[in-house]
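Visitor: Residue numbers (this note's numbering), protein chains in the order written: chain A, 52 to 274; chain B, 52 to 274.
For every residue, glycine included, the Cβ atom is placed at its ideal position computed from N, Cα and C.
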């Protein structure tokens, strides 16, 4: 038996996504659910990173995960093995999620009291950055094989994100990836961006990332 | 002195992109220019692959390259070192190119008689697949670090492409990438897709890809 459902989210009818996102942010604040919007290119390791973070966080925080994809349920299947609540969202071909699509997902996660919901957005460095999902925190992953020049080519996502996770540190010896340059380019787009080099495969750096996220969640719940 | 120009392409005014793409395809046929639309995720190695292909093809074919990005000119700079004609297209934040944007680029490449023009599309597995650029051939790159499950998650680009290049074979030992599975998944989306495993870094497999492209170009010019 499947331990997760697949939801076909409908395109939003709201003309003003920014206003709708602000409304969703308020609703989530009232119910005490911290929402993280996790973005990246296809194949940069969003699901593996989430799996590691769930291991670090699930003793202290009640977690729900929304996996957004155009098709397939491979990511929801992977996350369901961690034991946390997960649903697969299908976007009907769309390249991003907006606030109303995010709200449809949260509704389908149900009435369980969740301290933290993570939306794993569609793999895409362009469109997801253009739509506020109502999240309290925007986080992106850039993986080593993608190259250190990405902040030069895709400015908006680096501007919009509170944190950049640099994943796949374990393969750093096999790629021409310059850690100092990527930090310089990312900070040119966003001087305040937090940077976490990790390997989701070996768990290197994951504990530091999890500690920072715990602080963000705790501070938000206290405000 | 820069050896290439940067063009800010304007959003198309044509409501019917499919009809406009068909028109551009006819115009290109008349002037004898074969257009390839090269698509992939960010960082899968489009520019490095192009550099290798130019080395294999430039003795026999007059080549022009259009590098499309939201920002930066790093790719046009790289290609300019091969000596072929290149321009950098900036999309003004847009996630794809349509036929009219492609036409603006070809116009800026000038009146030189070119047998082959390659459009390196914006790095994105979703949106570029939705817009016919007027190309005679659609080619995508999937790189090993992205994982073999991508045809399950991003169906349209696999359906639309005549060929899939599997790049970064040199790092295959360091990733859980199943070559048999990716072929199976890709052919599920598109039974006729041609598959070329290569390493643009070591040039493994590039000659076979170049030979196939030469045949495509030759056959098209003869029809």
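Should residue 229/B be flagged as near chain A, meaning a C-beta pair shorter than 7 angstroms?
Guide: For residue 229/B, no CB of chain A lies under 7 angstroms from its own CB, so it is not counted at the interface with that chain.
Visitor: Per DSSP, residue 137/A is paired with what?
Guide: 116/A
Visitor: Between residue 111/A and chain B, is there a C-beta pair that is closer than 7 angstroms?
Guide: no
Visitor: Within 7 angstroms (strictly less), CB to CB, does residue 256/B reach chain A?
Guide: no
Visitor: Since residue 146/A meets chain B, which of its residues come closer than 8 angstroms, beta carbon to beta carbon?
Guide: 146, 175, 177, 178
Visitor: Kindly give me the distance between the Cβ atoms of residue 179/B and residue 147/B, rounded to whole angstroms, as I take these residues to be in contact under 8 angstroms.
Guide: 4 angstroms
Visitor: Would DSSP call residue 107/B helix, strand or coil?
Guide: helix
Visitor: Which partner residues does residue 56/B have in the DSSP bridge list?
Guide: Answer by DSSP bridge pairing, in chain order: 138/B.
Visitor: Leaving aside the five residues before and after residue 52/A along the sequence, list all residues of the same chain whose C-beta is less than 8 angstroms from its C-beta, in chain order.
Guide: Here the model assigns residue 52/A a pLDDT of 42, short of 50, so the residue's position is not dependable and the matter cannot be decided.
Visitor: Can at least three beta-carbon pairs, one atom from the stretch 149-163 of chain B and one from the stretch 139-157 of chain A, be found at a separation below 8 angstroms?
Guide: no
Visitor: Would a check of beta-carbon distances place residue 261/B closer than 7 angstroms to chain A?
Guide: no
Visitor: To the nearest angstrom, report how far apart residue 84/B and residue 124/B are at their CA atoms.
Guide: Taking C-alpha positions only, residue 84/B is separated from residue 124/B by approximately 24 angstroms.
Visitor: Which partner residues does residue 65/B have in the DSSP bridge list?
Guide: In the DSSP output, where bridge partners are listed per residue, residue 65/B has none listed.
Visitor: Over what stretch of residues does the alpha helix (DSSP H) that includes residue 206/A continue unbroken?
Guide: 206-211
Visitor: Classify residue 270/B as helix, strand or coil using the three-state DSSP reduction.
Guide: helix
Visitor: Taking buried to mean at least 16 other C-beta atoms within 10 Å of its own C-beta, is residue 91/A buried or exposed?
Guide: Here residue 91/A is buried. Its C-beta has 16 or more other C-beta atoms within 10 Å.
Visitor: Any beta carbon from chain B within less than 7 angstroms of residue 59/A's own beta carbon?
Guide: no
Visitor: Run the CB neighbour count on residue 254/A, radius 10 Å, all protein chains shown included, and call it buried at 16 or more, exposed below.
Guide: Residue burial is scored here from C-beta neighbours: residue 254/A has fewer than 16 other C-beta atoms within 10 angstroms and is therefore classed as exposed.
Visitor: Is the CB of residue 220/A under 7 angstroms away from at least one CB in chain B?
Guide: no
Visitor: Roughly how many angstroms lie between the CA atoms of residue 270/A and residue 189/A, to the nearest whole one?
Guide: 16 angstroms
Visitor: So, is the C-beta of residue 185/A closer than 7 angstroms to a C-beta in chain B?
Guide: It does not: the Cβ of residue 185/A has no partner Cβ on chain B nearer than 7 angstroms.
Visitor: With a CB to CB cut of under 8 angstroms and the five nearest residues on each side skipped, what residues in its chain are close to residue 163/A?
Guide: 113, 115, 136
Visitor: Tell me which same chain residues have a C-beta within less than 6 angstroms of the C-beta of residue 239/B, skipping the five on either side of it?
Guide: none
Visitor: Within 7 angstroms of any Cβ in chain B, is that where the Cβ of residue 37/A sits?
Guide: Only positions 52 to 274 of chain A appear in the structure, and residue 37/A is not among them; the question remains open.
Visitor: Using a Cβ-Cβ cut-off of 7 angstroms, state whether residue 266/A counts as contacting chain B.
Guide: no
Visitor: Can you pull the chain B residues whose beta carbon is under 7 angstroms from the beta carbon of residue 225/A, in chain order?
Guide: Listed along chain B, the residues sitting closer than 7 angstroms to residue 225/A by beta-carbon distance are 222, 225.
Visitor: Note down the Cα distance separating residue 77/B from residue 243/A, rounded to an integer number of angstroms.
Guide: The straight-line gap from Cα to Cα measures roughly 50 angstroms.
Visitor: Starting from the beta carbon of residue 121/A, find every residue of chain B whose beta carbon is closer than 8 angstroms, and list them in chain order.
Guide: 177, 204, 205, 206, 207
Visitor: Taking its Cβ as the centre, do 16 or more other Cβ atoms sit within 10 Å of residue 248/A, making it buried, or is it exposed?
Guide: buried
Visitor: Could you give the DSSP three-state label for residue 74/B: helix, strand or coil?
Guide: helix
Visitor: Does any residue of chain A bring its CB to less than 7 angstroms from the CB of residue 190/B?
Guide: no
Visitor: When the cut-off is 7 angstroms and only beta carbons count, does residue 52/B lie next to chain A?
Guide: Interpretation of residue 52/B is limited by its pLDDT of 42, a score under 50 that renders its predicted location unreliable; no figure is taken from the coordinates.
Visitor: Mind checking if residue 67/B is an interface residue toward chain A, Cβ cutoff 7 angstroms exclusive?
Guide: no
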